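Visitor: Positions 110 to 478 (our numbering) are the ones given, in order, by the sequence shown. Take this structure, written in structure tokens, and hold onto it; I'll ask about it next.
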Amino acid sequence: MDDAGQIPTVPARLRWLFETTATRAPGDGSAAEPTWRAHTVVEVGRVLGGELGIEATAATSLLSRLQAGRADAPDAALAVIARFFGIDVGYFGSDPVVVGAAQDQVLDRALRDAEVDLVAMCRTFVLSPERRGARLRFVLDIARTTRAPTQRPGGVGPTNIGKVSSPGVRACHHRGRADLGRGSSVAGRAGTAGGKMRTRSSLTTREIRELCVHLLCDLDIVPPLDPRLLCQRLSEHRGRRIKLLAEEIFTTSSVGHLICKPRHDVIVYQRTAPLAQQAHVIYHELIHLVRGHLDGSESLTCGALDTAADPAQPGLYSDWQEWEAETGATVLSELSRQPADPRLLARDTPAPEGGLAAAFGLIREGWRG
110 MDDAGQIPTV
120 PARLRWLFET
130 TATRAPGDGS
140 AAEPTWRAHT
150 VVEVGRVLGG
160 ELGIEATAAT
170 SLLSRLQAGR
180 ADAPDAALAV
190 IARFFGIDVG
200 YFGSDPVVVG
210 AAQDQVLDRA
220 LRDAEVDLVA
230 MCRTFVLSPE
240 RRGARLRFVL
250 DIARTTRAPT
260 QRPGGVGPTN
270 IGKVSSPGVR
280 ACHHRGRADL
290 GRGSSVAGRA
300 GTAGGKMRTR
310 SSLTTREIRE
320 LCVHLLCDLD
330 IVPPLDPRLL
340 CQRLSEHRGR
350 RIKLLAEEIF
360 TTSSVGHLIC
370 KPRHDVIVYQ
380 RTAPLAQQAH
390 VIYHELIHLV
400 RGHLDGSESL
410 TCGALDTAAD
420 PAQPGLYSDW
430 QEWEAETGAT
440 VLSELSRQPA
450 DPRLLARDTP
460 APEGGLAAAF
470 GLIREGWRG
């Protein structure tokens with residue numbers, strides 16, 4: 110399915126099913142996640158032939174001709190195909206609502222099978238159902254080809270999985286997330302109270318700036334700031350890998366994707382975007398994780414610009430989580446322009462030496478918040 114509209118014909122819908130669905134490929138059991146392969150016309154034809162009482166070769170030929178649009182689709186054949194792919198036969202009908210619901214069902218199941226817990230598409234306008242479907246197909250392809258990284262020795266292991274949501278915004282997909290940013294002083298700086306993330310109201314711009322500075326200090330990062338180093342340090346702190354992936358997103362360079370899986374998170378950004386824009390998108394997604402925006406809710410599709418907002422004030426977002434993420438990304442982008450400070454003292458310098466060094470103008474904190 111492309112971004113232009115619904116799948117128009119039965120042959121196109123049939124091809125979409127083959128392109129979107131997949132089955133687990135046999136492996137040696139050593140992979141951290143399953144590998145996938147597309148269903149073949151032969152295996153579907155074998156089932157089709159058995160159900161229709163015809164030779165498998167004849168059924169496979171019929172299926173190939175149906176895909177190519179060179180044969181009419183018998184109702185009995187469409188019913189068998191629908192059962193094979195686990196969808197309502199109405200998917201091949203003329204009701205756009207039924208067709209759209211069947212497509213959503215296929216995408217939802219495919220994303221769950223690929224162990225995707227949540228997809229957040231950030232810094233974009235509200236997507237139509239067709240465009241949202243195309244975006245999720247893109248995410249699905251990434252999820253099926255992205256391996257979970259090996260757990261670092263001594264890591265605290267993956268977090269538990271819980272429900273996730275964003276009030277009033279329809280989810281692209283979810284199956285639950287929890288405790289993405291909990292733990293030690295970083296989470297403590299991130300608006301927590303009693304061990305739980307504060308997710309009822311937004312921080313102020315000043316609080317977000319303080320959060321960013323404290324985050325860098327807590328993770329022992331000194332100028333100049335690099336987004337990859339920040340991801341590495343935050344991954345180590347959380348005991349949960351953050352994987353960066355540069356892809357051709359086929360949209361504006363400002364759009365990012367956050368894909369949450371049981372054992373790691375993936376941040377996808379535009380491969381051809383300027384480096385500063387790539388870093389900004391990465392920072393945006395990291396703020397979502399640090400602030401626990403995905404905690405304790407049922408769904409999240411962030412990034413929808415508020416179409417009712419004043420057009421003279423671009424950048425107004427329809428939910429406070431997205432505003433926080435964008436504000437935090439702006440602050441981190443500003444901090445990333447700070448050069449290395451030659452007066453900076455190593456943080457592990459013992460107190461007596463540190464006190465003496467301070468008398469000569471050396472400093473421990475390199476960030477000017």
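We treat Cβ as the ideally placed atom computed from N, Cα and C, and that holds for glycine. Owing to the predicted nature of the structure, the values given are computational and were not obtained by experimental measurement.
1. Check R350 in the structure and name its three-state DSSP category.
2. Take the Cβ of D404 as the centre, count every other Cβ of all protein chains shown within 10 Å, and call the residue buried at 16 or more, exposed below.
3. How is H148 classed by DSSP in three states: helix, strand or coil?
4. Mind reading off the beta-carbon distance from A210 to F201? Whole number of angstroms is fine, and I expect it under 8 angstroms.
5. With 16 other CB atoms within 10 Å as the buried threshold, where does V278 fall?
6. Around the Cβ of P205, are there at least 16 other Cβ atoms within 10 angstroms (buried) or fewer (exposed)?
7. Does the stretch 247–254 come close enough to the stretch 158–171 that 3 or more CB-CB pairs lie under 8 angstroms?
8. Identify, in the order they occur along the chain, each residue of the same chain with its Cβ nearer than 8 angstroms to the Cβ of A219, setting aside the five sequence neighbours on each side.
9. Under the three-state reduction of DSSP, which class applies to R240: helix, strand or coil?
10. Can you grab the Cα-Cα spacing for the pair R240 / V390, in whole Å?
11. Does the separation of the CB atoms of A434 and H393 fall below 9 angstroms?
12. Can you tell me which of the three DSSP states V377 falls into?
13. Residue ranges of each alpha helix (DSSP H) run of no fewer than 4 residues wholly in the stretch 202–237, ordered along the chain?
14. By Cβ distance, which residues of its chain are closer than 8 angstroms to R342, with the 5 residues on each side in sequence left out?
15. May I ask which residues mark the beginning and end of the beta strand (DSSP E) holding G437?
16. Between which residues of its own chain and C321 is the CB-CB distance below 7 angstroms, once the five residues before and five after are set aside?
17. Once DSSP output is grouped into helix, strand and coil, what is the label at A355?
18. Which residues bound the beta strand (DSSP E) around H402?
19. Going straight from the alpha carbon of E357 to that of V364, what length do you get?
20. With DSSP as the reference, identify every bridge partner of I368, one or two as the case may be.
Guide: On the basis of the data shown:
1. Sequence index remark: in the sequence shown, residue 350 carries index 241 (1-based). Correct three-state label for R350: strand.
2. The count along the sequence shown starts at 1 and reaches residue 404 at position 295. Its Cβ being crowded by 16 or more others within 10 Å, D404 is buried.
3. Here residue 148 is taken as the residue at index 39 of the sequence shown, counted from 1. H148: coil per DSSP, three-state reduction.
4. If you number the sequence shown from 1, residue 210 lands on position 101. If you number the sequence shown from 1, residue 201 lands on position 92. Rounded, the Cβ-Cβ distance is 13 angstroms, inconsistent with contact.
5. Residue mapping note: residue 278 aligns to position 169 of the sequence shown, counting from 1. Note on V278: pLDDT 25, under 50, position unreliable in the model; no value is reported.
6. Working through the sequence shown from its first residue, we reach residue 205 at position 96. Flag for P205 reads exposed.
7. Touching, no, given that fewer than three Cβ pairs across the two stretches are closer than 8 angstroms.
8. Position 110 of the sequence shown holds residue 219. For A219, where only same-chain residues beyond five positions count, the Cβ hits under 8 angstroms are T129, T130, A131, L249.
9. Position 131 of the sequence shown, counting from 1, holds the residue named residue 240. Note: R240 maps to helix in three-state DSSP.
10. Along the sequence shown, one-based indexing puts residue 240 at 131. Along the sequence shown, one-based indexing puts residue 390 at 281. So the two alpha carbons sit approximately 20 angstroms from each other.
11. Looking up residue 434 in the sequence shown gives position 325. Looking up residue 393 in the sequence shown gives position 284. For the 9 angstroms CB-CB criterion, A434 and H393 form a contact.
12. Working through the sequence shown from its first residue, we reach residue 377 at position 268. In this structure, V377 counts as strand in the three-state DSSP scheme.
13. For the stretch 202–237, the continuous alpha helix (DSSP H) assignments of 4+ residues that do not extend past its boundaries occur at 205–222, in sequence order.
14. As a first step, residue 342 must be located in the sequence shown, where it is residue number 233. L328, D329, I330.
15. Position 328 of the sequence shown, counting from 1, holds the residue named residue 437. Note, G437: premise wrong, no beta strand (DSSP E); alpha helix (DSSP H) at 429–444.
16. By one-based count along the sequence shown, residue 321 stands at place 212. Result list for C321: G437, V440, L441, L444, in chain order.
17. Reading the sequence shown from its first residue, position 246 is the one you call residue 355. A355: strand per DSSP, three-state reduction.
18. For the purposes of this step, residue 402 is taken as the residue at position 293 of the sequence shown. Careful: H402 lies outside any beta strand (DSSP E) and carries neither H nor E.
19. Indexing the sequence shown from 1 puts residue 357 at position 248. Indexing the sequence shown from 1 puts residue 364 at position 255. Spanning the two alpha carbons is a distance of roughly 11 angstroms.
20. If you number the sequence shown from 1, residue 368 lands on position 259. In the DSSP output, where bridge partners are listed per residue, I368 has V228, V375.
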